[in-house]
Amino acid sequence: MAFNSLQGASSSSSSSSSSSSSSSSFGHLWTYDVFVSFRGEDTRKNFTDHLFNALDQKGLITFRDDQTLERGKPISPELIRAIEESRFAVIVFSRNYANSSWCLDELLKIVECMKVMGQTVLPIFYDVDPSEVRKQKGPYAKAFTEYEGIVGGDLEKVVRWRAALTEVANLSGWALQDRHESQLIQQIVRHIMSKLSNSLWSYSKELVGIDSRLQEVDLCLGMESEDIRFIGICGMGGIGKTTLARIIYDRVFTGFEVGCFVANVKEADANLGITHLQEQLLSQILQERSIKIWDVHRGTNVMRSRLRKKKVLIVLDDVGNLEQLETLAGEREWFCPGSRVIITTRDEHLLIAHRVDEIYRVNGLNDEESLQLLSWKTFKQNHPAEDYMEMSKQIVSYAGGVPKTLEALGSFLSGRSVNEWRSAIKRFQENSEQKLLSADTSTHLSQKRYPWS
1 MAFNSLQGAS
11 SSSSSSSSSS
21 SSSSSFGHLW
31 TYDVFVSFRG
41 EDTRKNFTDH
51 LFNALDQKGL
61 ITFRDDQTLE
71 RGKPISPELI
81 RAIEESRFAV
91 IVFSRNYANS
101 SWCLDELLKI
111 VECMKVMGQT
121 VLPIFYDVDP
131 SEVRKQKGPY
141 AKAFTEYEGI
151 VGGDLEKVVR
161 WRAALTEVAN
171 LSGWALQDRH
181 ESQLIQQIVR
191 HIMSKLSNSL
201 WSYSKELVGI
211 DSRLQEVDLC
221 LGMESEDIRF
231 IGICGMGGIG
241 KTTLARIIYD
251 RVFTGFEVGC
261 FVANVKEADA
271 NLGITHLQEQ
281 LLSQILQERS
291 IKIWDVHRGT
301 NVMRSRLRKK
311 KVLIVLDDVG
321 NLEQLETLAG
331 EREWFCPGSR
341 VIITTRDEHL
351 LIAHRVDEIY
361 RVNGLNDEES
371 LQLLSWKTFK
381 QNHPAEDYME
391 MSKQIVSYAG
401 GVPKTLEALG
411 SFLSGRSVNE
421 WRSAIKRFQE
431 NSEQKLLSAD
441 TSTHLSQKRY
451 PWS
């Protein structure tokens with residue numbers, strides 16, 4: 001399984017709504033629903049905090065960086081990745097937004113994702129007039145005067161900052177003006193929910209091989225039952241576990257009081273610690289921002305005592321070991337009747353050890369599905385161009401039905417000549433390492449190790 005296009009229609013005729021113009025994002029998987037770019041000193045403790053809370057209450061997956069950032073420090077790889085993996089980018093333009101080179105670098109990345117990946121961009125003008133942002137007037141003029149006066153500064157980047165501000169400020173958006181913050185936040189959340197609902201309709205039509213897999217997981221979920229159920233989704237890397245879990249989450253979370261999608265559990269545990277994940281899960285489920293967990297044992301006790309009060313949908317994505325399961329979803333007794341916990345992992349033994357109720361094993365795409373996915377990625381249609389048919393079939397045989405491999409190959413073969421295709425296939429035949437039968441394909445290709453070079 002692989003996303004061919006998860007982006008709903010962008011653009012709105014109303015001045016009270018906003019979106020970017022976008023093209024289809026073939027093969028892209030969104031990890032987050034919303035990324036919010038904001039100036040902490042202006043809105044962290046008021047508007048954006050209330051916005052995050054409202055998004056959480058609707059079960060939307062948001063990325064929030066709560067660290068105090070040093071001016072001039074380059075944005076982190078984690079933040080870049082979060083922007084790339086968010087289907088909506090909400091930019092809160094406030095009076096001091098342009099004073100932060102960090103914020104302006106975020107803005108550049110967001111504009112890039114809007115153009116290249118079809119990300120929807122929603123500008124909000126908080127205590128600042130849209131024209132001040134668009135033309136860099138008022139407080140924005142002062143900030144840019146300072147940037148342009150720095151000896152040895154990167155003037156080319158300053159020009160790009162200006163262009164990005166102008167471009168995003170020209171998108172349809174919201175201005176706070178004299179209305180209440182709560183009213184504006186409600187409008188923003190309703191708009192995002194509406195766009196997500198529209199895009200859900202296109203899932204089954206635009207995902208290769210998704211229909212039968214969704215039906216099988218639906219049977220595992222048993223939504224008609226009020227029992228507490230743990231469902232495992234397992235398979236090799238790149239096979240589509242996260243994609244499947246994300247779509248299931250989007251389809252059914254409205255049937256629960258609250259939902260929480262915990263992405264990249266294994267990686268987040270390694271980088272931030274399991275207590276951070278406990279805080280994330282509890283904060284979203286209980287809709288409390290102030291939760292702090294100092295040790296794993298206390299976090300487990302808090303979860304055991306407080307999760308049982310609401311019917312919840314929880315997805316634990318890419319779990320790497322049993323401890324992560326035991327500390328984030330230890331026992332059925334933690335949860336309210338009707339709750340569902342979905343776990344994705346490469347290790348089926350973890351699911352067996354945790355005694356989940358159902359295990360769904362994600363198989364690779366068949367040859368017909370593989371050819372269709374490769375064609376979408378390469379030719380933007382559901383079948384190969386005539387001159388490329390036989391070579392496409394050869395590529396499919398090397399990919400082994402792994403969607404991530406097919407996506408990576410399709411992306412890098414797109415627009416290449418027949419001779420380049422032949423050269424690539426020859427290299428695959430000569431070098432077993434580049435037969436690309438695993439999810440490592442995308443890593444090889446993203447590092448520009450072209451098979452024909």
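In this text, residue positions in the sequence shown follow UniProt numbering: the first is 1, and each later residue adds one. Cβ coordinates follow ideal geometry from the N, Cα and C atoms, glycine included.
Residue i versus residue j - alpha carbon distance
{"i": "H180", "j": "Q186", "result": "10 Å"}
{"i": "S76", "j": "T43", "result": "21 Å"}
{"i": "D347", "j": "R361", "result": "11 Å"}
{"i": "P384", "j": "Q183", "result": "49 Å"}
{"i": "E279", "j": "K109", "result": "28 Å"}
{"i": "E257", "j": "G173", "result": "30 Å"}
{"i": "E41", "j": "Q324", "result": "35 Å"}
{"i": "R289", "j": "D56", "result": "10 Å"}
{"i": "I192", "j": "A141", "result": "31 Å"}
{"i": "L282", "j": "N301", "result": "12 Å"}
{"i": "L51", "j": "V121", "result": "16 Å"}
{"i": "Q381", "j": "L371", "result": "11 Å"}
{"i": "D105", "j": "E132", "result": "19 Å"}
{"i": "L60", "j": "G138", "result": "35 Å"}
{"i": "G255", "j": "K311", "result": "9 Å"}
{"i": "E326", "j": "R332", "result": "11 Å"}
{"i": "Q177", "j": "N419", "result": "59 Å"}
{"i": "F35", "j": "R298", "result": "30 Å"}
{"i": "F63", "j": "G400", "result": "34 Å"}
{"i": "S194", "j": "N321", "result": "37 Å"}
{"i": "D49", "j": "D129", "result": "21 Å"}
{"i": "L365", "j": "L373", "result": "9 Å"}
{"i": "A329", "j": "C220", "result": "18 Å"}
{"i": "K58", "j": "D387", "result": "48 Å"}
{"i": "G240", "j": "P403", "result": "7 Å"}
{"i": "E358", "j": "A89", "result": "36 Å"}
{"i": "K309", "j": "Q287", "result": "13 Å"}
{"i": "I352", "j": "A263", "result": "21 Å"}
{"i": "F93", "j": "N53", "result": "19 Å"}
{"i": "I285", "j": "I231", "result": "19 Å"}
{"i": "L79", "j": "R39", "result": "15 Å"}
Secondary structure of residue i, DSSP reduced to three states
{"i": "R95", "result": "coil"}
{"i": "A141", "result": "helix"}
{"i": "C336", "result": "coil"}
{"i": "Y388", "result": "helix"}
{"i": "A9", "result": "Any reading at A9 needs caution, since the residue's pLDDT is 27, under 50, leaving its predicted position unreliable; the model's value is listed next. The answer is coil: DSSP assigns A9 none of H, G, I, E or B."}
{"i": "E407", "result": "helix"}
{"i": "W30", "result": "coil"}
{"i": "S76", "result": "coil"}
{"i": "D367", "result": "helix"}
{"i": "E146", "result": "helix"}
{"i": "S131", "result": "helix"}
{"i": "S101", "result": "helix"}
{"i": "K266", "result": "helix"}
{"i": "N419", "result": "helix"}
{"i": "V217", "result": "helix"}
{"i": "E156", "result": "helix"}
Residue i - partner residues in DSSP beta bridges
{"i": "C260", "result": "I314"}
{"i": "R427", "result": "Answer is none; R427 lacks a bridge partner."}
{"i": "F230", "result": "V341"}
{"i": "P123", "result": "I91"}
{"i": "A175", "result": "F125"}
{"i": "S37", "result": "I91"}
{"i": "F63", "result": "F35"}
{"i": "I359", "result": "G232"}
{"i": "S86", "result": "Y32"}
Residue i Cβ short of 7 Å to the ligand FMN heavy atom set
{"i": "V133", "result": "Ligands are entirely absent from the displayed structure, and the ligand FMN is therefore not among its contents."}
Exercise. Does the region 361–377 come close enough to the region 410–424 to have 3 or more Cβ pairs within less than 8 Å?
Worked result: yes
Exercise. Would the region 263–275 and the region 390–400 be scored as touching if the rule is three or more Cβ pairs under 8 Å?
Worked result: no
Exercise. Is it a yes or a no for the region 166–179 touching the region 146–153, going by three-plus beta-carbon pairs under 8 Å?
Worked result: no
Problem set entry | contact_flag[the region 94–106, the region 136–148] where n(CB pairs < 8 Å) is 3 or more | yes
Exercise. Should the region 239–251 be regarded as contacting the region 338–355, the criterion being three or more beta carbon pairs within less than 8 Å?
Worked result: yes
Exercise. Is it true that the region 83–95 meets the region 114–129, where meeting means three or more beta-carbon pairs spaced less than 8 Å apart?
Worked result: yes
Problem set entry | In chain order, each alpha helix (DSSP H) run of at least 4 residues that lies wholly inside the region 273–329 | 274–286, 296–306, 322–328
Exercise. Does the count of Cβ pairs from the region 206–215 and the region 312–323 closer than 8 Å reach three?
Worked result: no
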